[in-house]
Each structure stands twice: as structure tokens, then as C-alpha cells.
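There are 2 protein chains.
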Amino acid sequence: MSRAEPETTPQDDAARAAWLYYVGGMTQDQIAGELGISRQRAQRLVSRAMAEGLIHVRLNHRIAACLDLETALKDRFGLLRCRVVPSLGPGADPVTATSSAAAAEMERFLRMPDPLVIALGTGRALRGMVDALTPMEAEQHRLVSLIGNIAPDGSASFFDVVMRIADKVRAPHYPMPVPVISPTPEERAAFHALAPVQRVVDLARKADVVVVGVGQMSDDAPLLADGFVSRAELDEMQAAGAVGEVAGWVFDSAGNYLDLGTNRRTGGVRVTPGLDRPAVGIAAGASKALAIIGAMKSRIINSLVTDEATATAILNRP
Amino acid sequence: MSRAEPETTPQDDAARAAWLYYVGGMTQDQIAGELGISRQRAQRLVSRAMAEGLIHVRLNHRIAACLDLETALKDRFGLLRCRVVPSLGPGADPVTATSSAAAAEMERFLRMPDPLVIALGTGRALRGMVDALTPMEAEQHRLVSLIGNIAPDGSASFFDVVMRIADKVRAPHYPMPVPVISPTPEERAAFHALAPVQRVVDLARKADVVVVGVGQMSDDAPLLADGFVSRAELDEMQAAGAVGEVAGWVFDSAGNYLDLGTNRRTGGVRVTPGLDRPAVGIAAGASKALAIIGAMKSRIINSLVTDEATATAILNRP
DNA sequence: TCGCACTATGGGTAATTGCTCACATGATGG
DNA sequence: CCATCATGTGAGCAATTACCCATAGTGCGA
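Line order of the protein sequences matches chains A and B.
Throughout the first sequence, residue numbering follows the UniProt record's numbering, covering 1 to 318 in sequence.
Throughout the second sequence, residue numbering follows the UniProt record's numbering, covering 1 to 318 in sequence.
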């Protein structure tokens, strides 16, 4: 006749402790008393709630310096929208800074009652965004990937951005079942000739909203680090003027897609320059400045989420 | 040729420090180094950002126990929506617990792109909600007060809920320029005969959304504490079965408005029972249980935001 | 049944934070 | 011109929190 039910999950406990701590302003000692646990346990619960993202912290004040940068960027590049967040100092990962702002931007679209097709790229910036996203019900929208989900080494962990968002907001999602970059143009064509691939491609092409990261093509290029392009291919494209990449598609400093190197073998859909629909780029890091400028010049992206340091770097270019 | 500009406002500094602290996870010592200030100053900036509400904390996890209470309340009273937040212990002000959830509920409506007329009551619960509300652009909506803004002692500070929300979300607002409770039915009628009053009343009547607090009519009635009803009037209405009040209009345990006491002299618009549009009640505190039950029974409200303790108290009534 | 690896718990302790006090600075008004 | 008050600053200290470590369960496989 023992009660087998635990009544509460560990997450529930963590959430409750965090609620008392952050909303109630109680000390961990008081929480321990309230919940009948030791204060160490209370501390663990609170920090666990933080680590698991049960708690969201948002800043409700637009710092004047950031607002100025937003206005300057909008004017200079004719952006639809622009969001600049304070930087976190030289040492910190710039992704953590942009994540919450990017999530807020994404939630704007997800909260719209009319059904949207939202096309997504990949990369660390988007991954950070997902973590900062508030779970919600957004079943009316469809999430489609712009980029293939087959990696050269078979590892897919890096590419589940669409799946993870979809999971968090309960929206149907459409991965792009092709290699990120195929070994030959012929193999790429073979994949794209398949009817199921065509359907996803068509969906991505008519997306109402595009949300992508922006990668640089300097020697620290994400495409190189993640093993999608070889050192030789990178050299070749750099020599041809490559400065950046969106969803794997490489472009030069004017934002024009190159017609060489991996661009002939990249799977999925390239973002059409000059879309009238929102095309949001999420990117932070000084080394990305040239890439972001290129993408904005040709209007591959027409909206930007970045941090203060990067915004300053962009505006200081001639 | 001295630079007279301060470059940053104190709020900017506070926001930046808080950003580094909460988003960047830096210690106040590090922030001091980063910003070139003393660590005491960094501490002050962070706590100031908190005090001024620049920082919002939200819990992204529905605790199972609260979800259960929500379901139970929805089933029992046929509610459109219901939100139950964890309580903050016996000592704490129940308003702080409900404020953030109430704000989230309000923001749902404010974010809707189609113009809405939102009618609002008054009281501590709504005031708390305003403080927790994120500033936003919601110019498409109109905010109208259900309750008069002329207090017996002339003090209006308690009644600027509508104005404060409107200010925060940049929406046009329509105060109700009549006494909360007039000395005589005739004076009430005289006010309501005026054309400008009529216009506001008409607007309030056709509101798409109603958001109100719920007051109890026990000896700790807010109406008594705020000096709107006298002890004798309260006694009279209690004797007639009064248990609660919404926007100043008193009802009995079945949620039927009484036809006596101050109800004959209350200004503004009473919430029509059984609206098909959302009518959200925000109320927490064990002493409000009977009032909330009454309001839900006759469907003066069809949605509820409350806390765990109050929800339990409501469900434990026969 | 016995390890064995893994996780959770509580104690202790160093780091971090919040608070109070005394003092400086500057504006206001007699 | 000086008193007064408000506001802001830094120092010191007590309270609070985060982390480390030893130990106690707990499930799993041999």
C-alpha cells in the first residue's frame, strides 16, 4: 500500500524552486524551508532550472547606443528590420548575446495567427536561437529547411535545427533530404530530380519568411571547420572573391553568388537576393563583418540581428 | 570645446550592466572591469535595472500540479482559458505571483494584428500586471476603462491603470469620466446622460476583450479599504448575499448582480454575464475564492488567472 | 549475490553579493 | 556665502550563493 507516484517530476521541482527564487525573490534558504528540502538541494534546483532553460531573462530597455547602430544600419543598407544587442566582451561567445534577440524575432513570426512557411538555415547562431526560444503552440506554420541534412561523415547532430524548433513549437517540419554538398554536380542533380526533394524545394522557394545565419569565408570559415569544404576549395573560392555564405551558398563582397567551387554542388535552395518577404540574418562576430555586408548589399538578407561590436565593425567599413 | 553629452543615460548603464550579468553570466566584478567602474557601482546598476523593471524573468515550464488545477477549473466552470501559477508562500503578496502570467495573457491580445477594443477594470491585480507588461507597439488597439475615474477624495492615482497600460503599449485610451460611485442615482444618471460619457460607454459595451480584477465583499473588501463604500453599505450588501465585485459592480454567490446598495449608483459599465468574447478575471488570495466562484458561475468572467493556493481553495468548495 | 559505475546528498568553504555607513559632491535656498 | 538636502560613491562586513569533496544510495551486469 505504498504510494508509488512521485507526484512531481524533477523538472517541476526545479521550476517551482526557480519560481520562488526569481519571481518571489526568496532566498534559497527560505525556499528550502518552504519546500522541505535542504538548502543545497534548493540551490541545485535553481541552477538546474537555469541550465535547462526553464527560466528566461529578457531586457526591456533599448540602450541608446544600440538603437543608434540599428538606425544607422537600417539607413545604410535599407533594412526592413534590425536588432543590435550589447556585446558581452571580447572573451565571450558572441552567439549567446544574439540568441535571445533572435528568439524574440522568431517568436514574432511564430505568434502570427495566419499560417506561414518559414525557411531556416543552420549554424551556431540558429542553434543558440532555438535554445532561447519559448515553447509555444504554433501548429499553423510550416518549417522548412533550406539546407541538406546529409553530412559527409553521416553525423546529423548539427543539422537538426529545424527539427528542434519544430519540436519546441509543435509545428510540422520539412527537412531537406539531400547532401549538404554533394561530391559532384551530377549527384546533386540526381538528388534534386527526386519528387520528394522537389516538393521540399518548392516549399522552401515560396517561404514567407527566411531565417538564416551568415558564415564568413575567411580562414576560420564554418564550412571549413565543419568539414564541408576542403582547404583547397576554400582557397579557390577565396581567390575568386568569396567573403561569405548563407545556407552553404557562397557569395562575394557585393553579395553575388559565385559560379564555381562548391556552389555547383551545394544542395537545397539558395536564398534569392532581393526578396520582398522578410529574410532575417543572424550573425555576430567581428570576422563576419564582410560577409554580412555582402549579404545585405545584394539583399540576400533584408533584416539583421547582431551585436554591438559587429554592428560597429560593419559601419566602420568604407 | 568640451563634450556636453553624457553619451549614456543612467538607465542605459543599468541595462547594460544587467545584460552582462543576466545574459552574459558575468560576475559583478567582471562587469566592473568591463565597464571601467567600481564593483559597488556595478552592483547598484544591476539592482537598479531589476527595481526599474528593465529585466523580466519568466518561467517556461508548466508545473504538473498547476496544469492539473487549470484543467480542473476549466472543466468545472467551463472556462475559455485558465492559468494557474505557483503560489509564493503564505507571507507573500499574491499579486506578485499572478502579475507576470496576467501580463503574458494581456500581451497575447495586444500582439494580435487586428484592432481590438480592450476593456479594463482596476485594482491591485491589474496594477501589478501593468508593471510586468513588456513595452510594445500596439497602436491598433483601443483601451477603454469600465470604471469611473473620479474618486470621492479626488485622488486618481489608483485609477490610472488604463492610462499606464496605454502609455506602455502606445495605444489610444478612453477613460470613463464619471465618479466611480456617485452619491445618488440621480447624479449617476446625470453623468451618464452626457454625450462624451455615452461614447465611452458604447465603446466599453462593444469591447472585444474584457480584463478585470475580482474583489471580495467580505470585511476586507477592497471597495471598503479604498473608501468607495461605507461600512454600513457593505453590511447592507453582505446581508443581501454579496460575495464579490467586478469593476465595482457587486454580485452574490451565484454571480447575479444585486439591485441595491451602491450598485444603483456605480458609474461606468457592468460586465455582461455570459459574453462570448474573452472576459479575463485576474485574482489571487484565499479570501477571494467565493467571489471568483460567483463570477465564474454566471460567466461574468470566462477566463481566469490565479495562483495555486486560490485555485485549490476554489476547487475545495462544495 | 557481488561488485562497479553512476548519480544524488549533505557538509564545508571560498567566492560573490547585498547592505549599511560615512563621506564627497553639487544643487537649492535663505 | 553658508547651511541644507539630495544624490552618488567607496569601504567594510554580513548574508547568500556556488562549488568541491566525501559518502550513501541505486541500478546494472557479471
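Every residue, glycine too, gets a C-beta built ideally from N, C-alpha and C.
Remember, it's a predicted structure, so these values are computed and weren't measured experimentally.
List, in order along the chain, the chain B residues whose C-beta lies closer than 8 Å to that of residue i?
i: I55 (chain A); result: V57, R58, L59, N60
i: G24 (chain A); result: L88, G89, A92, T96, A97
i: D12 (chain A); result: H61, I63, A64, A65
Rounded to whole angstroms, what is the Cα-Cα separation between residue i and residue j?
i: H192 (chain B); j: R142 (chain B); result: 21 Å
i: G36 (chain B); j: E137 (chain B); result: 35 Å
i: A309 (chain A); j: P86 (chain A); result: 8 Å
i: V162 (chain B); j: Q140 (chain B); result: 15 Å
i: E52 (chain B); j: S298 (chain A); result: 42 Å
i: V117 (chain B); j: A166 (chain B); result: 12 Å
i: A65 (chain B); j: V209 (chain B); result: 28 Å
i: residue 335 (chain A); j: L258 (chain A); result: As shown, chain A starts at 1 and ends at 318. That puts residue 335 (chain A) outside it, with no answer to give.
i: G244 (chain A); j: D235 (chain A); result: 13 Å
i: T27 (chain B); j: N60 (chain A); result: 21 Å
i: I300 (chain A); j: L79 (chain A); result: 11 Å
i: V201 (chain B); j: M237 (chain B); result: 26 Å
i: V95 (chain B); j: G285 (chain B); result: 8 Å
i: A119 (chain B); j: L194 (chain B); result: 20 Å
i: residue 319 (chain B); j: D114 (chain B); result: Outside the shown range of chain B, which is 1 to 318, sits residue 319 (chain B), and nothing can be said about it.
i: A17 (chain B); j: E70 (chain A); result: 20 Å
i: G281 (chain A); j: E34 (chain B); result: 28 Å
i: M217 (chain A); j: A283 (chain A); result: 14 Å
i: D68 (chain B); j: D12 (chain A); result: 13 Å
i: A125 (chain B); j: A103 (chain B); result: 10 Å
i: Q40 (chain A); j: A14 (chain A); result: 13 Å
i: P152 (chain A); j: I181 (chain A); result: 8 Å
i: S38 (chain A); j: S47 (chain A); result: 15 Å
i: V57 (chain A); j: R58 (chain B); result: 7 Å
i: R44 (chain B); j: P90 (chain A); result: 24 Å
Within a Cβ cutoff of 7 Å, which residues of the same chain sit near residue i, ignoring the five residues on either side of it in sequence?
i: residue 390 (chain B); result: The first residue shown for chain B is 1 and the last is 318, placing residue 390 (chain B) beyond what the model contains.
i: G123 (chain B); result: G213, G215, P222
i: S99 (chain B); result: G128, M129, D131, A132
i: M1 (chain A); result: Confidence at M1 (chain A) is low in this model, with a pLDDT of 36, below 50, so the placement of that residue should be treated as unreliable; the coordinate-derived value is given next. Around M1 (chain A): no qualifying Cβ.
i: K74 (chain A); result: C82
i: Y22 (chain B); result: I55
i: W249 (chain B); result: Y257, N263, T266, R270
i: A31 (chain A); result: Rather than Ala, the amino acid found at residue 31 (chain A) in this sequence is Ile. Once the five neighbours on either side are set aside, the close Cβ partners of I31 (chain A) are A17, L20, Y21, A42.
i: R188 (chain B); result: S182, R265, G267
i: E233 (chain B); result: G261, T262
Name the chain B residues whose beta carbon is nearer than 7 Å to that of residue i?
i: T9 (chain A); result: A64
i: R16 (chain A); result: I63, P86
Which bits of chain A does residue i rub up against, with CB to CB less than 7 Å?
i: W19 (chain B); result: L59, P86
List the whole-angstrom C-beta distance separating residue i from residue j, where the pair is believed to meet the contact cut-off of C-beta under 8 Å.
i: I292 (chain B); j: T312 (chain B); result: The Cβ separation is near 12 Å, so there is no contact.
i: S253 (chain B); j: G241 (chain B); result: 6 Å
i: A247 (chain A); j: R270 (chain A); result: 7 Å
i: N302 (chain A); j: L275 (chain A); result: 7 Å
i: residue 329 (chain B); j: A289 (chain B); result: Because residue 329 (chain B) is not part of the residues shown, which for chain B are 1 to 318, the question remains open.
i: G24 (chain B); j: A92 (chain A); result: 6 Å
Within the same chain, show all residues whose beta-carbon is closer than 8 Å to that of residue i, passing over the 5 residues directly before and after it, in chain order.
i: residue 341 (chain A); result: Any answer about residue 341 (chain A) is impossible in this case: the structure gives chain A only from 1 up to 318.
i: P6 (chain A); result: For P6 (chain A), the predicted structure reports a pLDDT of 43, less than 50, and the residue's modelled location is therefore unreliable. The matter cannot be settled from this model.
i: M176 (chain A); result: V144, S145, L146, I147, G148, N149, V197, V200, V201, A204, G267, G268, V269
i: W97 (chain A); result: Checking the displayed sequence, the identity of residue 97 (chain A) turns out to be Ala instead of Trp. For A97 (chain A), where only same-chain residues beyond five positions count, the Cβ hits under 8 Å are V85, P86, S87, L88, A284, D307.
i: A101 (chain B); result: R83, V85, V305
i: R62 (chain B); result: none
So that I know if they touch, is there some Cβ in chain A lying closer than 9 Å to that of residue i?
i: M112 (chain B); result: yes
i: R170 (chain B); result: no
i: Q140 (chain B); result: no
i: A49 (chain B); result: yes
i: E34 (chain B); result: yes
Under 8 Å from any heavy atom of the ligand NAD, does the C-beta of residue i make it?
i: S38 (chain B); result: The ligand content of the structure shown is nil, which means the ligand NAD is not present either.
Whose Cβ in chain A lies nearer than 8 Å to the Cβ of residue i?
i: P135 (chain B); result: N60
Counting only beta-carbon separations shorter than 9 Å, does residue i have a partner in chain B?
i: Q30 (chain A); result: yes
i: S100 (chain A); result: yes
i: E70 (chain A); result: no
For residue i, which residues in the same chain have their Cβ closer than 6 Å to its Cβ, ignoring the five residues on either side in sequence?
i: P179 (chain B); result: G148, I150, G267
i: A72 (chain B); result: L315
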